[in-house]
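What follows is a short report on a single structure.
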Amino acid sequence: NQSGGGASAELSWGEARWRLRSEGTCIHGLWGFSELLMRRMSCTGFLRLLASPLRWSINAFPCTFVPGKWPLTQTLGQLETRTMTTLNQMHRKGKPKFPPPKLGPTFGNPQLKGVVLKTMIRKPKKPNSANRKCARVRLSNGKEVVCFIPGEGHNLQEHSIVLVEGGRTQDLPGVKLKIVRGKYDCAHVQKKK
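Right, dumping it as structure tokens:
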């Protein structure tokens, strides 16, 4: 499978790229690829080849192989357009920074304890018409939020201790928390007689 030329002579960077392109090397089949890597390319040349804008993508190349042609990739769309990061770019830009995960209304906790500051009545959004019972609560992390009180009737007043969990009320804008009934000072819903 060796072509002409001394096996000891090392291929230059441009010759290696041209050889890979002209032989129609398929990544899956590795025709001629191992010969280039093992016998004719130095380690540095191999790293430069991988970092080149040849845009290798193992998933992008099918196993279809035509001698003398570039691998048939038209059926799988365009070649991958991202190139590998060079060492200089990695040194210059440092570690990739990922955005912090978004915390929910309970700030990453399943429930939070809080103190009722005042009870209030909120009006729902347009198609609905009702009086929704809500409470302004100071949470244990110091934040003040408006919470919905589910169920009919409640015994909450100022300075009541409540447990708050996530769960928005669909027709109340800005109300993203609910008070847990039957915990701390908030009594269960009373059954109608």
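Sequence positions in the sequence shown follow this note's numbering and run 578 to 770. Positions of the beta carbon are idealized from the N, C-alpha and C atoms, including for glycine. This structure is a prediction, so every number in the text was calculated from the model and none was measured.
- When secondary structure is reduced to three states using DSSP, Glu735 falls in the coil class, being assigned neither helix nor strand.
- Of Lys770, Ile756, Gln767, Glu592, the smallest CA-CA separation from Val693 is found for Ile756.
- The shortest C-alpha to C-alpha distance from Gly730 to any of Asp748, Lys710, Leu716, Leu664 is the one to Lys710.
- Counting of Cβ neighbours within 10 angstroms places Ile698 among the exposed residues, the total staying below 16.
- Pairing Gln734 with Pro677, the inter-Cα distance amounts to about 37 angstroms.
- Boundaries of the alpha helix (DSSP H) harbouring Leu664: 664-670, taken from the DSSP string.
- By the Cβ criterion, the stretch 659-679 is not in contact with the stretch 717-727, since fewer than three pairs of Cβ atoms, one from each stretch, lie closer than 8 angstroms.
- Ranked by Cα distance from Ala712, the options Gln747, Cys763, Gly671 are led by Cys763.
- Annotation: Gly681 to Glu592 spans about 56 angstroms, alpha carbon to alpha carbon.
- The beta carbon of Gly744 sits closer than 6 angstroms to those of Lys755, all from its chain and outside the five residues before and after it, given in chain order.
- Rounded to the nearest angstrom, the Cβ distance from Val723 to Gly751 is 7 angstroms, consistent with a contact under 8 angstroms.
- Rounded to whole angstroms, the gap between the alpha carbons of Gly728 and Val766 is 6 angstroms.
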